[in-house]
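Numbering (the working numbering), first residue to last: 325 to 575.
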């Protein structure tokens, strides 16, 4: 006797349960895409074409063959992707899935801010006097940062720190450095960071601190009138040999 077996048409298969799910966000830039068919293909002669692209009209073929998964790598971070699957039976008939989409995770990046410090420990400076500067840099991002830090008055660098590294989720105290003001007046100072290369840098977000901040540089005060003479004014019986002295402020 001749026996006949029903042949499943490709149109009988429906594709569902895409992974990444439709509309998913923060998807890794490397991973595996998969889907389900209903009813299960039962191991019959079925093949799949997977199309993937950055626009729904610009998808290109990335997989052709059996198996309901595709391993991808090196997608662009923070990018929306579209994909679809076409299933074929042994006679070449096909059924197409819906067009699905997902968005990859943003690339890890640092996030710098001022994390503390005493600055100059005063906002009132004196001309030609040396002052120590203390500052902490915080990185609340998920990637390490390396570069240079500058304290600037306008376009003039007052203090520089080179080859600074701040790990992800950490706070670094920069080496204490000194600066001696060379001109008087009100000075607006700004802390900048520079990641490699050249340029004016980017102002560091202040967080709970101040950036920019203002200091005032005063001229060196004139000394006071000499006083406390020795011998004292009007003294008598002073030795014919000895030492004369007086006081001034500052000394």
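Backbone N, C-alpha and C fix where the C-beta goes; we use that ideal spot for every residue, glycine too.
Is it true that the CB of residue 503 sits closer than 7 Å to the CB of residue 482? yes
Do the segment 412-432 and the segment 440-456 touch if we need at least three Cβ pairs shorter than 8 Å? no
Should residue 354 and residue 393 be called a contact, given that it needs their Cβ atoms to be closer than 7 Å? No, the Cβ-Cβ distance between residue 354 and residue 393 is not below 7 Å.
Within its chain, find whatever has a CB closer than 6 Å to the CB of residue 344; leave out the 5 residues flanking it on each side and keep chain order. So the qualifying residues of the chain are 351 and 426.
Within the same chain, show all residues whose beta-carbon is closer than 7 Å to that of residue 467, passing over the 5 residues directly before and after it, in chain order. 432, 433, 434 and 492
Rounded separation between residue 486 and residue 472 - CA only: Whole-angstrom Cα-Cα distance: 5 Å.
Taking the CB atoms as reference points, tell me whether residue 462 and residue 478 lie closer together than 7 Å. It is not a contact, given that the beta carbons lie outside the stated cut-off.
Spatial neighbours of residue 366 within its chain, please: CB distance less than 7 Å, with the 5 preceding and 5 following residues excluded, ordered by chain position. Because residue 366 sits at a pLDDT of 47, beneath the cut-off of 50, its placement in the model cannot be relied upon, and the following sentence gives the value as read from the coordinates. None.
Taking the alpha carbon of residue 415 as the reference point, which residue from 371, 405 and 554 has its own alpha carbon closest? 371
Excluding five sequence neighbours on each side, which residues of the same chain lie with their C-beta closer than 6 Å to the C-beta of residue 576? The shown model of the chain, from 325 to 575, leaves out residue 576, and the question about it has no answer.
Please state the DSSP three-state secondary structure of residue 533. Residue 533 falls in the coil class under three-state DSSP.
Give every residue of the same chain whose Cβ lies closer than 6 Å to the Cβ of residue 508, excluding the five residues on either side of it in the sequence, and list them in chain order. 451, 541 and 543
Any chance you could list the beta strand (DSSP E) runs of at least 3 consecutive residues sitting entirely within the segment 383-412, in chain order? 384-389, 393-396 and 404-412
Reducing DSSP to helix, strand and coil, say where residue 504 ends up. coil
In three-state DSSP terms, what is residue 563? coil
Per DSSP, which residues does residue 417 bridge with? Please list them. BP columns for residue 417 are empty, so no partner.
Taking residue 457 as part of the beta strand (DSSP E), name the residues at either end of that continuous run. Per DSSP, residue 457 is one residue of the beta strand (DSSP E) stretching across 455-463.
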